[in-house]
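Okay, structure first, notes after.
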Amino acid sequence: MEDDKQLYGKIASAAKWSSITEIIAKIFVPVTNMILARLLVPEAFGVIATITMIISFVEMFADAGFQKYLIQREFKSENDKHLYANVAFWTNFVISLFLWSIISLFNEQIATMVGNPGLGVVVIVASIQLPITAFSSIQMALFRRDFDFKSLFIVRIIAVIIPFIVTIPLAFLNFGYWSVIIGAICMQLFNAVILTVKSKWKPRLFYSLQILREMLSFSVWSLVESISIWLTAWVDAFIISYFMNEYYLGIYKTSTIMVNSLLALVTAATVPVLFSSLSRLQNDDEKFKQVFLKFQRLASILIFPIGVGVFLYSDLATQLLLGSHWKEASGVIGIWGLTSSIMIVFGHYCSEVYRAKGRPKLSFLSQALHLIVLVPTCVIAAKYGFWPLVFARSLVRIQFVIVHLSIMKIKIKISVLNTFRNVLPTMIATIAMGLFGYFLKTVVSESILWSIFSIVLCVCLYLIVLFFFPTLRMELMSLITKVSPKKLFKK
Numbered sequence: 000m001e002d003d004k005q006l007y008g009k010i011a012s013a014a015k016w017s018s019i020t021e022i023i024a025k026i027f028v029p030v031t032n033m034i035l036a037r038l039l040v041p042e043a044f045g046v047i048a049t050i051t052m053i054i055s056f057v058e059m060f061a062d063a064g065f066q067k068y069l070i071q072r073e074f075k076s077e078n079d080k081h082l083y084a085n086v087a088f089w090t091n092f093v094i095s096l097f098l099w100s101i102i103s104l105f106n107e108q109i110a111t112m113v114g115n116p117g118l119g120v121v122v123i124v125a126s127i128q129l130p131i132t133a134f135s136s137i138q139m140a141l142f143r144r145d146f147d148f149k150s151l152f153i154v155r156i157i158a159v160i161i162p163f164i165v166t167i168p169l170a171f172l173n174f175g176y177w178s179v180i181i182g183a184i185c186m187q188l189f190n191a192v193i194l195t196v197k198s199k200w201k202p203r204l205f206y207s208l209q210i211l212r213e214m215l216s217f218s219v220w221s222l223v224e225s226i227s228i229w230l231t232a233w234v235d236a237f238i239i240s241y242f243m244n245e246y247y248l249g250i251y252k253t254s255t256i257m258v259n260s261l262l263a264l265v266t267a268a269t270v271p272v273l274f275s276s277l278s279r280l281q282n283d284d285e286k287f288k289q290v291f292l293k294f295q296r297l298a299s300i301l302i303f304p305i306g307v308g309v310f311l312y313s314d315l316a317t318q319l320l321l322g323s324h325w326k327e328a329s330g331v332i333g334i335w336g337l338t339s340s341i342m343i344v345f346g347h348y349c350s351e352v353y354r355a356k357g358r359p360k361l362s363f364l365s366q367a368l369h370l371i372v373l374v375p376t377c378v379i380a381a382k383y384g385f386w387p388l389v390f391a392r393s394l395v396r397i398q399f400v401i402v403h404l405s406i407m408k409i410k411i412k413i414s415v416l417n418t419f420r421n422v423l424p425t426m427i428a429t430i431a432m433g434l435f436g437y438f439l440k441t442v443v444s445e446s447i448l449w450s451i452f453s454i455v456l457c458v459c460l461y462l463i464v465l466f467f468f469p470t471l472r473m474e475l476m477s478l479i480t481k482v483s484p485k486k487l488f489k490k
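Residue numbering for the sequence shown follows numbering that gives the first Met the number 0, starting at 0 and increasing by one per position.
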């Protein structure tokens, strides 16, 4: 019982600091993007999306799944944990240097393959992030394993300020996409230095092939899973860059990234804590399910209304976030926001369940079953134009939700009925809010001032409906109490 209290205390503290971090970060990040969207043209964002696609793909091989292994694994002692961390660190670092050299050798071929011939030098410079990221990834995993999100808070907050010091000034000086690339490199350098200094563990000259083999037994499947996740996240961008041009790629990726950044206010704050929490409870099925369902329920309180709100007020969101010359992005933002809310609540957190149980094969299976439908859907839709692709890509995510719900029922023994019952109050409140918002927006007025006022009315109605459910009301009051200013920074 005492151990349970201690664990739940760590979970609460971790959730608190992770939430504070993401709330503050998500204030800075959209502001940064809003400024950059007014300084850079969509084509520049298309180039940035291509570079990000390449780096995110190669980073998976550099990490090799060792971060997840270090968080999920139960070690015999602190020294044992540090030995494994050392092997993971040197493996990551050497692989990242090797991959960077490969990218440098075949830079132009890689740039051409992703639809941006002539950007070989850009690919080389941007990819210097690989060895820098590898230098700090293990430290970050250890902080998360120990629920030390307070230290990560300090690192993240200072890091999100860097774009205001580096990226935006360079964009003002007409550096174009180079401003974002240089800013990203500076951010990774800062993370590497600070995380290494603050970490209890420091890399030393130790290596063991036996430990490597043991880690690879888990990490190979984790890597395969990561590749499938990458394909799910980037196959649409690759198809747009192949069939269309940088303008449409910039419109599409900037729109989806803005929506994802908004929803990440919740997901980025909860996913690391959820994974660390479930990993510690992997051998207690009952508590494991309770923690998962509670995280899902609390996340749905924010995710559902944000998704429906973005769908209803996509024109306003586009104008505020990106500016008047991004009007074409409104349709992408609306449909992506709506389907993202469904995807996150019913599918996104399931992947953390599979990994926490030490079963990354299940996550790979879910991704593979989705890719079988996703790839041909995107390829066929792209032949009919940009908008058929946007709507097809967004709506096909419902198939992914069905896959996750099926796997959770068969393998984790969490029924579909329990999953829907768990979030039924927030679904009811969100539907009521959505219908009310649609009436206010279309029947009364569509002016900007009225839209802002009607959003406030929608929020009030949503909260009123939520408070009709006693259990949810108690959880909300408990959550508000825990994140009150007085307790937020209590040591």
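All residues carry an ideal CB built from backbone N, CA and C; glycine is no exception.
- Task: Closer than 6 Å by C-beta to LEU368: which residues in its own chain qualify, once you throw out the five before and the five after it? Chain order, please.
- Result: Mapped onto the sequence shown, residue 368 falls at position 369. So the list reads VAL402, once near-sequence residues are dropped.
- Item | Assumed close pair THR429, ALA328 - CB separation to whole angstroms, cut-off 8 Å | As a first step, residue 429 is located in the sequence shown; it is residue number 430 there, counting from the start. As a first step, residue 328 is located in the sequence shown; it is residue number 329 there, counting from the start. The Cβ separation is near 24 Å, so there is no contact.
- Task: If I'm right that LEU104 touches ALA87 with Cβ under 8 Å, what's the distance once you round it to whole angstroms?
- Result: Residue mapping note: residue 104 aligns to position 105 of the sequence shown, counting from 1. Residue mapping note: residue 87 aligns to position 88 of the sequence shown, counting from 1. So it is not a contact: roughly 26 Å between Cβ atoms.
- Query: Where does PHE142 fall in DSSP's three states?
  - Reply: Numbered from 1 along the sequence shown, position 143 holds the residue referred to as residue 142. PHE142: helix per DSSP, three-state reduction.
- Item | Straight-line Cα distance separating VAL258 from GLY249 | In the sequence shown, residue 249 corresponds to position 250, counting from 1. In the sequence shown, residue 258 corresponds to position 259, counting from 1. Distance between the alpha carbons of GLY249 and VAL258: 14 Å.
- Span of the alpha helix (DSSP H), counted from its first residue to its last, around TYR83: In the sequence shown, the residue the question calls residue 83 occupies position 84. Start and end: 77-104.
- Message: Using a 10 Å radius around the Cβ and a threshold of 16 neighbouring Cβ atoms, would you call MET473 buried or exposed?
- Response: Here residue 473 refers to the residue found at position 474 when the sequence shown is read from its first residue. By the 10 Å Cβ count, MET473 comes out exposed.
- Task: Could you pull out every residue in the same chain whose Cβ sits closer than 7 Å to the Cβ of ILE447, ignoring the five residues on either side in sequence?
- Result: Along the sequence shown, one-based indexing puts residue 447 at 448. If we look at ILE447 and ignore the five residues flanking it on each side, its Cβ neighbours are LEU315.
- Query: Are the beta-carbon atoms of PRO162 and PHE27 separated by less than 9 Å?
  - Reply: As a first step, residue 162 must be located in the sequence shown, where it is residue number 163. As a first step, residue 27 must be located in the sequence shown, where it is residue number 28. It is a contact, given that the beta carbons lie within the stated cut-off.
- Indicate whether the contact test is met: 3 or more Cβ pairs, each with one atom in the segment 385-392 and one in the segment 295-310, closer than 8 Å. With a cut-off of 8 Å, the segment 295-310 and the segment 385-392 do not count as touching, because too few Cβ pairs lie within range.
- Message: So, at 7 Å on beta carbons, what are the nonlocal neighbours of LEU141 in its own chain, with the 5 sequence-adjacent residues on each side left out?
- Response: Along the sequence shown, read from residue 1 onward, the residue named residue 141 stands at position 142. Excluding sequence neighbours, LEU141 sits near LEU69, ALA84, SER198 and TRP200.
- Task: Determine the DSSP secondary structure at LYS408, reduced to helix, strand or coil.
- Result: To locate residue 408, count along the sequence shown from 1; it is residue 409. In this structure, LYS408 counts as helix in the three-state DSSP scheme.
- Message: For the segment 346-354 against the segment 362-379, do three or more pairs of beta-carbon atoms, one drawn from each stretch, fall closer than 8 Å, so that the two count as touching?
- Response: yes
- Message: Quick check on CYS459: buried or exposed, where buried means 16 or more other Cβ atoms within 10 Å of its Cβ?
- Response: Along the sequence shown, one-based indexing puts residue 459 at 460. Under this definition CYS459 is an exposed residue.
- Counting pairs of Cβ atoms below 8 Å between the segment 169-184 and the segment 200-209, do you hit three or more? The segment 169-184 makes no contact with the segment 200-209: fewer than 3 CB pairs, one atom from each, lie closer than 8 Å.
- Span of the alpha helix (DSSP H) around MET243: For the purposes of this step, residue 243 is taken as the residue at position 244 of the sequence shown. Careful: MET243 lies outside any alpha helix (DSSP H) and carries neither H nor E.
- Item | Own chain partners of LYS485 with C-beta closer than 8 Å, once the 5 adjacent residues on each side are dropped | For the purposes of this step, residue 485 is identified with residue 486 of the sequence shown, where counting begins at 1. Here the model assigns LYS485 a pLDDT of 46, short of 50, so the residue's position is not dependable, and the following value carries that caveat. Same-chain partners within the cutoff: there are none.
- Message: DSSP three-state label for ASN173, please.
- Response: One-based indexing of the sequence shown puts residue 173 at position 174. Reduced to three states, the DSSP call for ASN173 is coil.
- Quick one: grab the DSSP three-state call for GLN281. Position 282 of the sequence shown, counted from the first residue, corresponds to residue 281. The answer is coil: DSSP assigns GLN281 none of H, G, I, E or B.
- Item | N-terminal and C-terminal residue of the alpha helix (DSSP H) that ARG72 is part of | Within the sequence shown, the letter at position 73 stands for residue 72. Segment: none, ARG72 is in no alpha helix (DSSP H) and carries neither H nor E.
- Query: ILE47 by DSSP, collapsed to three states: which one?
  - Reply: Position 48 of the sequence shown holds residue 47. Helix, per DSSP.
- Message: With three or more beta-carbon pairs closer than 8 Å as the criterion, would you say the segment 89-98 touches the segment 28-47?
- Response: Judged by pairs of C-beta atoms under 8 Å, the segment 89-98 does not touch the segment 28-47, as fewer than three such pairs exist.
- Message: Please classify LYS489 as buried or exposed, where buried requires at least 16 neighbouring CB atoms within 10 angstroms.
- Response: Mapped onto the sequence shown, residue 489 falls at position 490. At LYS489 the pLDDT is 46, less than 50, meaning the model places this residue with poor confidence; the figure from the coordinates comes in the next sentence. LYS489 comes out exposed.
- Between VAL113 and MET52, which are expected to be in contact by the criterion C-beta below 8 Å, what is the C-beta distance as a whole number of angstroms? Start at 1 with the first residue of the sequence shown, and residue 113 comes out as number 114. Start at 1 with the first residue of the sequence shown, and residue 52 comes out as number 53. Sure, about 6 Å apart at Cβ, within 8 Å.
- Where do the N-terminal and C-terminal ends of the alpha helix (DSSP H) with ARG392 fall, by residue? As a working note, residue 392 is residue 393 in the sequence shown. Where ARG392 is concerned, the enclosing alpha helix (DSSP H) stretches over 385-394.
- Item | Under the three-state DSSP convention, the category LEU118 falls into | On the sequence shown, residue 118 is found 119 positions in, with the first residue counted as 1. In the structure shown, LEU118 sits in coil (DSSP, three-state: anything other than H, G, I, E or B).
- Pairwise C-alpha distance: GLY117 and VAL124: Counting from one through the sequence shown, the residue named residue 124 turns up at place 125. Counting from one through the sequence shown, the residue named residue 117 turns up at place 118. When rounded, the distance between both Cα atoms is 14 Å.
- Segments assigned alpha helix (DSSP H), at least 4 residues, entirely inside the segment 287-351: DSSP runs (the alpha helix (DSSP H)) wholly in the segment 287-351: 313-320 and 328-342.
- Could you spell out where the alpha helix (DSSP H) holding PRO375 opens and where it closes? Position 376 of the sequence shown, counted from the first residue, corresponds to residue 375. Start and end: 359-381.
- Item | ARG37 to SER260 span [Cα, whole Å] | As a working note, residue 37 is residue 38 in the sequence shown. As a working note, residue 260 is residue 261 in the sequence shown. Computed Cα separation, rounded: 18 Å.
- Query: Which of helix, strand or coil does DSSP assign to LYS440?
  - Reply: Translated into the one-based positions of the sequence shown, residue 440 becomes position 441. Reduced to three states, the DSSP call for LYS440 is helix.
- Message: If contacts are defined as beta-carbon pairs under 8 Å, then LEU230 and LEU370 qualify, I think. What distance do you get, rounded to the angstrom?
- Response: Locating residue 230 in the sequence shown gives position 231, where the first residue counts as 1. Locating residue 370 in the sequence shown gives position 371, where the first residue counts as 1. That belief holds up - the Cβ atoms of LEU230 and LEU370 are roughly 6 Å apart, short of 8 Å.
- Query: Shortest alpha-carbon distance to ALA232 belongs to which of LEU321, SER405, SER393 and LEU277?
  - Reply: Within the sequence shown, numbered from 1, the residue matching residue 232 stands at position 233. Closest by alpha carbon: SER393.
- Is DSSP giving PHE419 helix, strand or coil here? As a first step, residue 419 must be located in the sequence shown, where it is residue number 420. The three-state secondary structure of PHE419, taken from DSSP, is helix.
- Three-state secondary structure (DSSP) at LYS486? As a first step, residue 486 must be located in the sequence shown, where it is residue number 487. Because LYS486 sits at a pLDDT of 45, beneath the cut-off of 50, its placement in the model cannot be relied upon, and the following sentence gives the value as read from the coordinates. Three-state DSSP puts LYS486 in a helix.
- Task: Decide if the segment 284-301 is in contact with the segment 410-424; the criterion is three or more beta carbon pairs, one per stretch, under 8 Å apart.
- Result: yes
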